[in-house]
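Visitor: Input: one structure, supplied below.
2 protein chains.
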Amino acid sequence: MNSFDLSVLFFLQLAFILAVCRMVGMVFKRLGQSQVVSEMIAGVLMGPSLMGWLLPDFSAYLFPSASKPILFAVCQVGLVLYMFLIGVEFDIDLIRSRLRSAASISLAGILAPFALGALLAFYLASDGSFFSSKTTQLQAMLFMGAAMSITAFPMLARIIFEQGLSRTSLGTLALAAGSMDDAAAWCVLAVVLASFQNNMNIAVYAIGGGILFAVIALVVIKRLLKPLGRMVETAGEMSPGILSLVLMLAMLGAWFTDFIQIYAVFGAFVMGIAMPRGKFAQELHRIIYPLTIAFLLPVFFVYSGLNTKIGLVNTPHLWLIAALVLLAAIVGKGVACYLAARWHGESHKEAMAIGTLMNARGLMELIILNIGLQRGIIEPALFAILVMMAIVTTLMATPIFERVYGSKAARAHQIKPVQ
Amino acid sequence: MNSFDLSVLFFLQLAFILAVCRMVGMVFKRLGQSQVVSEMIAGVLMGPSLMGWLLPDFSAYLFPSASKPILFAVCQVGLVLYMFLIGVEFDIDLIRSRLRSAASISLAGILAPFALGALLAFYLASDGSFFSSKTTQLQAMLFMGAAMSITAFPMLARIIFEQGLSRTSLGTLALAAGSMDDAAAWCVLAVVLASFQNNMNIAVYAIGGGILFAVIALVVIKRLLKPLGRMVETAGEMSPGILSLVLMLAMLGAWFTDFIQIYAVFGAFVMGIAMPRGKFAQELHRIIYPLTIAFLLPVFFVYSGLNTKIGLVNTPHLWLIAALVLLAAIVGKGVACYLAARWHGESHKEAMAIGTLMNARGLMELIILNIGLQRGIIEPALFAILVMMAIVTTLMATPIFERVYGSKAARAHQIKPVQ
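This is the structure we're talking about:
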């Protein structure tokens, strides 16, 4: 297939992806589920787990291997813009305001799932169907630990926002804990990815380069952008020139962190943190968010779904492992965060809400899993098991949250606003 | 190179493209030129005409042929979203309000350049360096005619808007004539592309399919979308669900018109016309426009620039042809529109302004030329000549317009508002 044929097909792929995501989304919305769950599931349905199995010819026609580079490049740009926005909205002050409780909840939310994940990996590492032969036991434990400790921070933030909890004590605490948690898990992943270079020089290069990049972005670029932040504040809107500079920086950060063998999403996230706040950040959100969410991210869900072969989990033994992984994920994350919140004096209700929100893995988990699969750390069977874990923990979040916390209206009086 | 390497490179390509466009844009802004001219030139500079010639190794590293399908697919999506928005803003009422003058200006602006272009092609068709051997003389004449009669409608609209002329008699007339002109030129191109199928069945299929598509979009889909238009009007904003449906329709239109061998931009344009007006259209513009302009269209300019080899125009004979093409373009379009406007009683000043605006070819010309090159209708040498014609006519527009029409402030009294 030449460039032209591939571009024609790409339009059809986009139309199909948007249509399926929309239809699955309508069903799940009726069930009170979030958009992200429906897209995770839509992605799996369009992959070999359903469509490739029921309609193999159509599936091979619609997603031929020649079009993989295009889908991959486009979904990576989508992820990078998305993580960039997560960085733009990352709020250090929020963490400071609830530092102690947030720190211990997020610590519990990392240590417990990390330990359980690492323990599972310790037993699974020798079995060739989970980790690739070049993955050492230590790397397997680190990767599994990091994968288990991920929180769907953007989803947590959206639920908090949608439920009108942004300025409440609970909302602040959950946002602070969630963001610390994710930042830590991504750092662990960076170390795993760096250590995965057999050549020790490359690992040093990756870690050193990563630190250098973070310093340049968060000190130099942040300072250089300050005057632009004031310009946007005064003008009340972002000029096309500034937008194009910002996009250039985001792409440069993504490229550099990919180039030093960490991963594009880190670079984008860190670059997002370096952006001026206030009107500047609002404008970036206003301009980048809608098209990224509606147009680019669905491509990622499909790309991930094309890699997900639920059919590989085909023995009682594998389903047992899947159940264990799910149990470890829920106990390690949800229950541990609940206990930490209780220990800090939160009510049963609030602690349950925090545990549930922290437990959802969402899109973030899919990102980390796809990195692991693409880098050859994990095998497709474990990938499928972990995707199911991500879907189930995300699926649980909204109904449990609604159940323990009641509807929005009923809550109006119960919650003490922060400060 | 595997998918991952290509995606890493894609980030670097995007960062580089954005940086170069920004720098060239800053220089041209100082010179009082429009953004589109600077990006047309930036694209050519990044291609073999400058960067590939001065820095061949870097150029081969940054734009290897393996990454062409990705650049092509992404820039096609950019063009489709752009043409979709042009369709969304296409205003039938505007044409109706100035039908007679607009019709004769646009008729002059098509017939004259078409005749001159066809005449040139008649002489050039036998020379193998301009048209490919499989292009018949008639096809060469039709393509060259259509290519000469293009108007940079979006640029014309932007200049009218930026100069505060939107609601004036001149503005309305220029917008109406420009949009009629472009619609007609695209129809001719559709016929040329259809006729380019050696198999007559495919031509019938293309034209029949195109008409069927236009009817379905402009009658059925337009009607089905009306309730959604009212929903958005009431809500005051577009929900993510409606946005995703609209994007799906745009991609489907693009795919279908590509599939029947016309071209994706037609489908997107027609689908854009079918969209509800009012708040619905404004929301689409607000959401899609900034990222399309800042992020996706620069990729098209580069893709086009990579195909532009000015170095092929390397003999006095070829430069003479280039000069003739430029002369035919300016006389055929600018002068003819000026005369038509004068004949309809416009003042020398207004007629000059209209002629200048209609004469600019801009991005639209690059689109049609890339179609011609990619379909194997024209050869790279003629492509380069026509790209130069597009750049020069676009470059002329702003300074001449400013000169004959004076500054915005000085104009405030002179122009009679329409109605």
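Residue numbers (my numbering), protein chains in the order written: chain E, 379 to 797; chain P, 379 to 797. Backbone N, C-alpha and C define an ideal beta-carbon position, used for all residues, glycine too. Please read all numbers here as calculations on a predicted model, not as lab measurements.
#1: Are E:GLY750 and E:ALA493 closer than 9 angstroms when you measure CB to CB?
#2: Using Cβ-Cβ distances below 7 angstroms, what residues of the segment 439 to 452 of chain E are close to chain P?
#3: Are the C-beta of E:VAL355 and some C-beta of chain P separated by less than 9 angstroms?
#4: Do the CB positions of E:ALA518 and E:PHE500 come within less than 9 angstroms of each other?
#5: Looking only at C-alpha atoms, which of E:LYS687, E:ILE666, E:ILE528, E:PRO694 sits nearest to E:GLU467?
#6: Can you pull the chain E neighbours of P:PRO605, defined as C-beta to C-beta under 8 angstroms?
#7: Does the separation of the CB atoms of P:PHE644 and P:ALA568 fall below 9 angstroms?
#8: Out of E:PHE436, E:LEU423, E:LEU440, E:PHE508, which has the shortest C-alpha to C-alpha gap to E:HIS695?
#9: Would you tell me roughly how many angstroms separate the C-alpha atoms of E:LEU520 and P:GLY683, rounded to the nearest one?
#10: Please say whether P:GLY495 and P:ALA706 have beta carbons closer to each other than 9 angstroms?
#11: Which residues, in order along the segment 392 to 415 of chain E, keep a beta-carbon less than 9 angstroms from a beta-carbon of chain P?
#12: Given that a residue counts as buried once 16 or more other Cβ atoms are within 10 Å of its Cβ, and exposed if not, what is P:ASN380?
#13: Since E:ALA731 contacts E:LEU548 with CB under 8 angstroms, what's their CB separation in whole angstroms?
#14: Does the ligand SAM have a heavy atom nearer than 8 angstroms to the CB of P:PHE591?
#15: Kindly list the residues whose CB is nearer than 7 angstroms to the CB of P:ALA480, restricted to its own chain and excluding five residues on each side of it in sequence; keep chain order.
#16: For P:SER511 and P:ARG753, I'd like the C-alpha separation in whole angstroms.
#17: Mind the definition here: the segment 651 to 663 of chain P touches the segment 585 to 600 of chain P only if three or more C-beta pairs lie below 8 angstroms; say whether that holds.
#18: Measure the CB-CB distance between E:PHE678 and E:GLY456 and report whether it falls below 9 angstroms.
#19: For chain P, check one thing: does any of its Cβ atoms lie closer than 9 angstroms to the Cβ of E:ASN685?
#20: Would you mind working out which of P:MET429, P:ARG536, P:SER475 sits nearest P:ILE464, comparing C-alpha positions?
#21: If you check the beta carbons only, do P:ALA632 and P:VAL458 fall under 9 angstroms apart?
#22: To the nearest angstrom, how far is it from the Cα of P:MET404 to the Cα of P:PRO668?
#23: Between E:GLU611 and E:PHE539, how many whole angstroms is the CB-CB distance? I'm expecting something under 8 angstroms.
#24: Do E:PHE637 and P:LEU627 come within 9 angstroms of each other at the CB atom, strictly closer than that value?
#25: As a quick exercise: from P:LEU606, P:ALA561, P:SER412, pick the residue whose alpha carbon is nearest that of E:GLY619.
#26: How many angstroms separate the CA atom of E:LEU477 from the CA atom of P:ARG601?
#27: Looking only at its own chain, which residues have a Cβ that is under 7 angstroms from the Cβ of E:LYS687, when we skip the five neighbours before and after it?
#28: If we cut at 9 angstroms on Cβ distances, does P:VAL455 have a partner in chain E?
#29: Measure from the alpha carbon of E:LYS727 to the alpha carbon of each residue in E:PRO491, E:ARG781, E:PRO777, E:LEU741, then state which is nearest.
#30: Which ranges would you report for the alpha helix (DSSP H) in the segment 490 to 530 of chain E if only whole runs of at least 4 residues count?
#31: Report buried or exposed for P:ASP560, applying the criterion of at least 16 other Cβ atoms within 10 angstroms of its Cβ.
#32: Within 8 angstroms, do at least three Cβ pairs link the segment 770 to 777 of chain P to the segment 736 to 745 of chain P?
#33: Return the residue from the list P:CYS715, P:VAL765, P:VAL680, P:LYS711 that minimises the CA-CA distance to P:PHE450.
#34: For E:VAL414, does the count of other Cβ atoms within 10 angstroms reach 16, so buried, or fall short, so exposed?
#35: To which residues does DSSP link P:ILE756 through a beta bridge?
#36: I'd like the list of long-range same chain contacts for E:LEU392, defined as Cβ closer than 6 angstroms, with 5 residues on each side in sequence excluded.
Guide: The answer reads as follows:
#1: no
#2: LYS446, PRO447, ILE448, PHE450, ALA451, VAL452
#3: For residue 355 of chain E there is no data in the structure shown, the boundaries of chain E being 379 and 797.
#4: yes
#5: E:ILE666
#6: Under the 8 angstroms cutoff, chain E gives no residues; its nearest Cβ is about 16 angstroms from P:PRO605.
#7: yes
#8: E:PHE508
#9: 47 angstroms
#10: yes
#11: LEU392, ALA393, PHE394, ILE395, LEU396, ALA397, CYS399, ARG400, GLY403, MET404, LYS407, GLN413
#12: exposed
#13: 6 angstroms
#14: Judged by which ligands are present, the structure shown has none, so any question about the ligand SAM falls away.
#15: ILE473, LEU551, ALA554, ALA555, MET558
#16: 13 angstroms
#17: yes
#18: yes
#19: no
#20: P:ARG536
#21: yes
#22: 18 angstroms
#23: With 8 angstroms as the limit, E:GLU611 and E:PHE539 do not qualify as a contact, their Cβ atoms being about 23 angstroms apart.
#24: no
#25: P:SER412
#26: 55 angstroms
#27: PRO426, SER427, PRO758, ALA762
#28: yes
#29: E:ARG781
#30: 515 to 526
#31: buried
#32: yes
#33: P:VAL680
#34: buried
#35: P:PHE509
#36: none
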